[in-house]
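First the structure, in the form of structure tokens, and then the observations on it.
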Amino acid sequence: MMHGLIRIVAQVLPGREAQSRSPPPETSSTAGWSFAPTLDVEADKGSNSLAIVPVPDHENHQALVVQTLDQDDQGLDRYVLKRTRMIYDSLLIHLTVEGPKPSRAVNVKAWRLMKERELWLNKGQHLVGSVPGVEIGDIFFYRMELCMFGFHRQSQAGIDYTTAQRSSFGVPIATSIIVSGGYEDDEDRGDELVCSGQGGRDKSGQQRHQKLEGGNLAMVHSMQHGVAVRVIRGLEYKNEVRSKVFVYDGLYRIIDCSLVRKSGFDIFKFTLVRIQGQPEMGSARLKRALTLRNTPLVAMPAGYISFNLYGKNEGVPVYLYNGIDYDRSPLNYGYISQSDISSVISAQGGNNGGCDCQLSCTDDCICVRKNGGELPCSPYGYLLRGKPVIFECGVTCKCTSGCANRIAQRGLRKKMEVFRTREAGWGVRSLDLIHAGEFICEYAGIMVTKEQGEIMSMNGDSLVYPGRFAANWKLWGDLSDVYPGNVPPSYPTIPPIDYAIDVSRLRRIVG
Numbered sequence: 001m002m003h004g005l006i007r008i009v010a011q012v013l014p015g016r017e018a019q020s021r022s023p024p025p026e027t028s029s030t031a032g033w034s035f036a037p038t039l040d041v042e043a044d045k046g047s048n049s050l051a052i053v054p055v056p057d058h059e060n061h062q063a064l065v066v067q068t069l070d071q072d073d074q075g076l077d078r079y080v081l082k083r084t085r086m087i088y089d090s091l092l093i094h095l096t097v098e099g100p101k102p103s104r105a106v107n108v109k110a111w112r113l114m115k116e117r118e119l120w121l122n123k124g125q126h127l128v129g130s131v132p133g134v135e136i137g138d139i140f141f142y143r144m145e146l147c148m149f150g151f152h153r154q155s156q157a158g159i160d161y162t163t164a165q166r167s168s169f170g171v172p173i174a175t176s177i178i179v180s181g182g183y184e185d186d187e188d189r190g191d192e193l194v195c196s197g198q199g200g201r202d203k204s205g206q207q208r209h210q211k212l213e214g215g216n217l218a219m220v221h222s223m224q225h226g227v228a229v230r231v232i233r234g235l236e237y238k239n240e241v242r243s244k245v246f247v248y249d250g251l252y253r254i255i256d257c258s259l260v261r262k263s264g265f266d267i268f269k270f271t272l273v274r275i276q277g278q279p280e281m282g283s284a285r286l287k288r289a290l291t292l293r294n295t296p297l298v299a300m301p302a303g304y305i306s307f308n309l310y311g312k313n314e315g316v317p318v319y320l321y322n323g324i325d326y327d328r329s330p331l332n333y334g335y336i337s338q339s340d341i342s343s344v345i346s347a348q349g350g351n352n353g354g355c356d357c358q359l360s361c362t363d364d365c366i367c368v369r370k371n372g373g374e375l376p377c378s379p380y381g382y383l384l385r386g387k388p389v390i391f392e393c394g395v396t397c398k399c400t401s402g403c404a405n406r407i408a409q410r411g412l413r414k415k416m417e418v419f420r421t422r423e424a425g426w427g428v429r430s431l432d433l434i435h436a437g438e439f440i441c442e443y444a445g446i447m448v449t450k451e452q453g454e455i456m457s458m459n460g461d462s463l464v465y466p467g468r469f470a471a472n473w474k475l476w477g478d479l480s481d482v483y484p485g486n487v488p489p490s491y492p493t494i495p496p497i498d499y500a501i502d503v504s505r506l507r508r509i510v511g
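Taking our numbering, the leading residue of the sequence shown gets 1, the next gets one more, and so forth.
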């Protein structure tokens, strides 16, 4: 199997004679068209390879050559994409602080701001094949993200393609498609799918014949030249923010095209087959997670030990899965949903009292001032910017449980699963999608002093030292690239975190 991402570069293939055929004209007429592939394709002889080298059909014409990236390049591309997504997600949250939840209008505003600051990736490029930094299984909440990364540049159309002027073949070439099941007679079997062309359709259904132009013409050329296209599936996923998500499922080849009559109109039908040797489709994993989340007893796959491991301590069930061996040790752990704070630790915090806010904290609240003069989270519970420490309202505060400064006290709301791996032992994963900046749960255990921790560590107890975590919080919410004059808030000086969390006897599953 060829691992990693692949990058497209333009290159003249030496020693290749010109083909006698000329490319089909860009026309909307279907007369005389033969949709069977007519051009040979050089490919890596290994059955699991993703390498594709389309043969040019003009003398001295540039071809699209797929190259593997080394580990350093892959890591850098991945970091750049994650960093850009972090800026975009943070910008969306800031744009909705005093407005509605994220909508298309807010997405477009964030998208334009990123474009104006030249923060788009692969801007002006029409990439064929895999896009650097994007991995199979990546999930995108907003379609504008796909445009911003050059992954699918069409904000509405389901077929993206490079124009004849930019194509190495001198004809339009399809680069990616979004499959959302908009046509009732489309067939999706995962590794093979039959999808309809574009055009002639509005909200009420098909209204006109589809023509051999634009994306439809590009799909035909991609089939003829053996050029793989990216397949992105749009899946229904209802939560508090979105009703649909987009999942990248890998590269497919177009192997057939036909023109059919449907409800009195001509419709193009394209058959695509997934290239072998790629990782599992992200849409398949997401569908399994949704089934387990919604109907676990119906799915009931082998390996599940419990569907309510710590349910009595949380508002949502926690699953336990082990498909490797017979280890059931998590059943023996005590579980707490909040940290057990000793009187010694409590005394170190002093007794400064709480705020006098009635319903929810305001900007002049004493608790808000501790957080740099702003509420740490948006009204919808998303962290606005990273902070060294977040001061939430406590038991002496007069605000209600619905206060915007009590996000962590709302408890676990995502369905989690404790699972076993061969490489790293026990781990935790979510059956729900988690938005950037969203609270998951408190890292809970028995809080002890530094001196107590030193004694416990000699006994082999498992201790976590919060003060030793890297300051990655500085990255989240940093909008200096979008707003050059942005000045981060200043925070009151706080004493160093000088305690440990003992997770040997009582613990929560995740921090």
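The C-beta atom is built at its ideal place from N, Cα and C for all residues, glycine as well.
In this structure, the CA atom of SER306 is about 40 Å from the CA atom of LEU272. With a 10 Å radius around the Cβ and a threshold of 16 neighbouring Cβ atoms, PRO388 comes out exposed. In the DSSP assignment, VAL448 falls within the beta strand (DSSP E) that extends over 446-449. With distances taken between CA atoms, HIS225 lies nearest to PHE169 out of SER103, ARG369 and PHE169. ASP325 sits in coil when the DSSP states are folded into three classes, being neither helix nor strand. Runs of the beta strand (DSSP E) lying entirely within the segment 77-131 and spanning at least 3 residues: none are present. Per the DSSP secondary-structure output, LYS244 pairs in a beta bridge with GLU236. At least 7 Å separates the beta-carbon of SER180 from that of GLY124. A Cβ-Cβ contact shorter than 7 Å links ILE136 with GLN278. If you ignore the 5 residues before and after GLY386, its C-beta comes within less than 7 Å of the C-beta of TRP473, LYS474, LEU475, TRP476 and GLY477, all in its own chain and listed in chain order.
Around the beta carbon of GLY445, 16 or more other beta carbons lie within 10 angstroms, which makes this residue buried.
With 16 or more other Cβ atoms inside 10 Å of its own Cβ, PHE141 counts as buried. Secondary structure in the segment 360-411: the alpha helix (DSSP H) runs of 4 residues or longer, each lying completely within the stretch, are 366-370 in chain order. DSSP links GLN206 through a beta bridge to ARG201. Short of 7 Å from the beta carbon of ILE93, and not among the five residues preceding or following it, lie these beta carbons of its own chain, in chain order: SER378, TYR382, LEU384 and GLY437. Assignment of MET416 by DSSP, reduced to helix, strand and coil, places it in the strand class. Minimum Cα-Cα distance from CYS361 among the listed residues ARG328, CYS397 and ILE390 corresponds to CYS397.
A straight-line Cα-Cα distance of about 33 Å links ARG293 and GLN74.
In the structure shown, CYS147 falls within a helical segment according to DSSP collapsed to helix, strand and coil. A straight line joining the alpha-carbon of ARG285 with that of THR291 spans about 10 Å. Taking 7 Å as the cut-off, the beta carbon of ARG78 is found no closer than this to the beta carbon of HIS126. When the Cα atoms are used, LEU119 and GLY200 turn out to be separated by approximately 35 Å. By the Cβ test, the segment 367-378 is not in contact with the segment 333-343, since fewer than three Cβ pairs between them sit closer than 8 Å. Using a Cβ distance threshold of 7 Å, ASN107 and MET144 count as a contacting pair.
A direct Cα-to-Cα measurement between VAL482 and LEU91 gives close to 8 Å. With 16 or more other Cβ atoms inside 10 Å of its own Cβ, VAL418 counts as buried. For SER306, the enclosing beta strand (DSSP E) begins and ends at 304-306. In the DSSP assignment, ARG293 falls within the alpha helix (DSSP H) that extends over 282-294. By the criterion of a C-beta distance shorter than 8 Å, ALA302 is surrounded in its chain by GLY323, once the five residues flanking it on both sides are discounted.
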